[in-house]
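Asks: Residue numbers (the numbering used here): 774 to 928.
Where is the CB? At the ideal position from N, CA and C, for every residue including glycine.
Structure incoming, see below.
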C-alpha cells in the first residue's frame with residue numbers, strides 16, 4: 774500500500790511539474806511567416822550563419838514580443854522563418870491573442886503597459902547581426918512585398 778501511495782505521489786508531482794513548465798512556456802506559438810533575402814552592401818548574397826532578431830512593436834515604442842534565431846540562408850541569401858518559434862527574448866509573456874489584440878491592455882517590454890483601441894498597427898522590426906533593417910515592416914492582414922536595407926557586411 775505504501776509503495777502504491779509513493780508511486781501515485783510521484784506521478785502526481787510529475788504531472789504538476791509538467792503543468793508548471795507548460796504554463797511558464799514563454800513562446801506564443803507561430804505568429805506569422807517572414808521570408809527575405811539577405812545581401813551585403815554590394816548586393817552579394819549572405820550565405821553564412823546569421824543572427825536575426827524579430828520584434829513586434831505597438832505604437833512605435835511598445836515592444837510586445839521579441840525573439841532571436843540563428844540561421845544559414847540559402848545560396849541566394851534567401852530565408853524563411855516562422856516568427857514566434859525562435860528563442861524568446863522579451864519579458865512580457867504576451868500570448869498571440871494579446872500581441873494582436875484590438876482592445877484592452879498589452880504588456881510592453883520594460884514592465885509598462887499600453888492600452889489598445891480598435892485595430893492598431895503593429896510593426897515588425899528586424900535586426901540582422903546587430904543591425905536594424907529600415908524601415909520597420911507594417912504588419913497587416915493583406916500580404917505585400919517590401920525592400921528593406923541596411924549596411925550589412927558579409928563575414
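Please classify residue 908 as buried or exposed, where buried requires at least 16 neighbouring CB atoms within 10 angstroms.
Replies: To locate residue 908, count along the chain shown from 1; it is residue 135. Residue 908 comes out exposed.
Asks: Rounded to the nearest angstrom, what separates residue 823 and residue 844 at their Cα positions?
Replies: Counting from one through the chain shown, the residue named residue 823 turns up at place 50. Counting from one through the chain shown, the residue named residue 844 turns up at place 71. Roughly 5 Å between the two C-alpha positions.
Asks: Just curious, the alpha helix (DSSP H) that residue 869 is in, first and last residue?
Replies: Here residue 869 refers to the residue found at position 96 when the chain shown is read from its first residue. Residues 869-872.
Asks: Over the uninterrupted beta strand (DSSP E) stretch that includes residue 902, give me the two end residues.
Replies: Residue mapping note: residue 902 aligns to position 129 of the chain shown, counting from 1. Looking at the DSSP string, residue 902 is not in any beta strand (DSSP E), and its letter there is neither H nor E.
Asks: If you draw a straight line from the C-alpha of residue 804 to the C-alpha of residue 815, how long is it?
Replies: For the purposes of this step, residue 804 is identified with residue 31 of the chain shown, where counting begins at 1. For the purposes of this step, residue 815 is identified with residue 42 of the chain shown, where counting begins at 1. Distance between the alpha carbons of residue 804 and residue 815: 32 Å.
Asks: What residues in its chain sit with their C-beta under 6 Å from that of residue 795, if we drop five residues either side in the sequence?
Replies: Working through the chain shown from its first residue, we reach residue 795 at position 22. Note that residue 795 scores a pLDDT of 36, beneath 50, so its modelled location is shaky and nothing firm can be said.
Asks: State buried or exposed for residue 894, treating a residue as buried only when at least 16 other CB atoms are found within 10 Å of its CB.
Replies: Residue 894 sits at position 121 when you count from the first residue of the chain shown. Residue 894 sits exposed, since fewer than 16 C-beta atoms from the chains shown fall within 10 Å of its C-beta.
Asks: Tell me whether residue 810 is buried or exposed, calling it buried when 16 or more other Cβ atoms sit within 10 Å of its Cβ.
Replies: Locating residue 810 in the chain shown gives position 37, counting from the first residue. Looking at its Cβ environment, which holds fewer than 16 other Cβ atoms inside 10 Å, residue 810 is exposed.
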